[in-house]
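Right, one structure below, let's go through it.
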Amino acid sequence: MTNPSIPDPKGLLADRVLAGNVQAAARLITLIEDDSPRLTAELDVIYPHTGKAHIIGITGSPGIGKSTTINCLIEILRGRGMKVGVIAIDPTSPFTGGALLGDRIRMQQHSLDKGVFIRSLASRGWSGGLAKAAINAIHVMDAMGMNIIMVETVGVGQSEVDVARFVDTAVVLLSPGTGDEIQVAKAGIMEIADIFAINKADKPGAKKLAVEVEAMLDMKTYPPAEWKPGIILTEAINGKGIPELADAILKHRQFLITSGLLEKRRKQRAKQELIGAIEDSVREHFYRMIEHDQGLDKLVDSFVRRKANPRSTALRVIHQFTRQFNGARDNPES
Ligand SMILES: Nc1nc2c(ncn2[C@@H]2O[C@H](COP(=O)(O)OP(=O)(O)O)[C@@H](O)[C@H]2O)c(=O)[nH]1
Ligand SMILES: [Mg+2]
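Shown next as structure tokens:
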């Protein structure tokens, strides 16, 4: 492990990442997971080199075949000359960070290929940390020159790792016999999916599920200029349907570019990222202040005893906070 408070004797990791150093990229992503204070300087170097990769979200319930699908897609996309990055997010085990071992082993066949960079991501921080870590890990892989970055996650809708927040193309995996029919109807999925892959199509009920999804899509009207999500039957276990899935993804990318939607989505995402960064910064300073302030307990007591109301108390705390925040800004080392 690296100690984030000690500057790297060889300078910034980011410089080496840009020069194509994979070990440096791996270390930088560890700093991202740890939310290291060194990140600001590192990401300043990384950021100007981002915005080139196409980001794909591969999402669906555990065990549905996301990793298997990604494994097949890597092969196909590599065959088409693209460099591929994979980020597997595991929101279920925020503290161990080791739960994706199975995925690591399965994807290991690509580990000697320089055009493939696979990394699983866990968050050791507060809620919201994982989405932020994912976005920054995407930036690192983007700057490394990966053309396609796939993000594997179970998160859809309200989840903390809501894929729609940071991908260009969202692929939602469904499979027969898992109650996914009901899942699809749930809020969120119809809205975020750009492509549906009905995996485990070797099992009974896949065609029926495809018809049901189609019917739900048909209930929505699509203006001629809008993208209507495609439905693709896949058998990731033997690669069937994956070339078609890759084609659909690349077609969607082309659609985003020609329709101008890519620009729009990215601008929206940049805005979200900025708002997130502001919130983080405020929260960080705020909690640091609260930690060092015994006065807070007194304030709590006073409104517990109905002597002050929480709103006016909050305003007082914020006032104090802004003063300290300005102090901290003017003198960052104190
Ligand atoms: N029958 C069948 N099994 C599959 C298919 N794709 C994946 N699996 C199996 O489903 C299990 C879970 O796959 P995995 O890719 O780890 O799912 P994830 O949790 O969504 O990443 C594994 O045992 C795979 O071999 C498929 O198309 N058909
Ligand atoms: Mg998996």
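Taking this note's numbering, the leading residue of the sequence shown gets 68, the next gets one more, and so forth.
Think of the CB as a built atom: it goes at the ideal place given N, C-alpha and C, for glycine as much as any other residue.
Here the structure is a predicted model, which means the values were calculated and not measured.
Secondary structure within the segment 248 to 296: the alpha helix (DSSP H) runs of 4 or more consecutive residues, fully enclosed, are 256 to 259 and 273 to 285 (chain order). Within the same chain, no Cβ atom closer than 7 Å to the Cβ of I342 is found once the five residues on either side in sequence are excluded.
Taking each of P291, A315 and F388 in turn and checking the Cα distance to T301, the smallest one comes out for A315. Here V183 has I141, R145, V151 and H177 as same chain residues with Cβ atoms under 7 Å from its own Cβ, once five neighbours each way along the sequence are excluded. DSSP places V183 in the uninterrupted beta strand (DSSP E) bounded by V183 to L188.
Scanning its chain for C-beta atoms nearer than 6 Å, with the 5 sequence neighbours on each side dropped, one finds around E100 the residues A200, in chain order. Listed in chain order, the non-local C-beta contacts of P129 below 7 Å within the same chain comprise V221, local neighbours out to five positions each way being set aside.
Shown here for I298: same chain residues with a beta carbon closer than 7 Å to its own, the five before and five after excluded, namely F263, I265, A277, V280 and E281 in chain order. Per the Cβ contact rule, the segment 196 to 211 is in contact with the segment 82 to 102 (3 or more Cβ pairs under 8 Å). When the Cα atoms are used, L79 and V89 turn out to be separated by approximately 14 Å. Around A120, the same chain offers G152, I205, M208, D209, M213, N214, I215 and I216 as residues with beta carbons nearer than 8 Å, after the five sequence neighbours per side are excluded.
The beta carbon of G244 sits closer than 7 Å to those of K270 and G272, all from its chain and outside the five residues before and after it, given in chain order.
Around the beta carbon of A303, 16 or more other beta carbons lie within 10 angstroms, which makes this residue buried.
For G130, the CB falls within less than 7 Å of some heavy atom of ligand 1. Between R186 and I154, the gap from beta carbon to beta carbon is short of 8 Å.
The C-beta distance from V218 to G127 rounds to 12 Å, too long to fall under 8 Å, and the pair is not in contact.
Among the bridge pairs identified by DSSP, M217 is matched with I123 and V153.
For L323, the enclosing alpha helix (DSSP H) begins and ends at I309 to S326. In this structure, DSSP gives A237 an extended state, which the three-state scheme calls strand. Taking the C-beta atoms as reference points, W294 is found no nearer than 8 Å to D347. Here G124 is not near K267, since their CB atoms are 8 Å or more apart. According to DSSP, residue pairing for I298 in a beta bridge involves F263.
Relative to the non-hydrogen atoms of ligand 1, the Cβ of E302 comes within a distance shorter than 7 Å of at least one. Placement of the Cβ of K334 at a distance of 7 Å or more from every heavy atom of ligand 2 is found. Shown here, N376 sits in coil according to DSSP, grouped into three states, outside any helix or strand.
CA-to-CA, the gap between S326 and P290 works out to about 13 Å.
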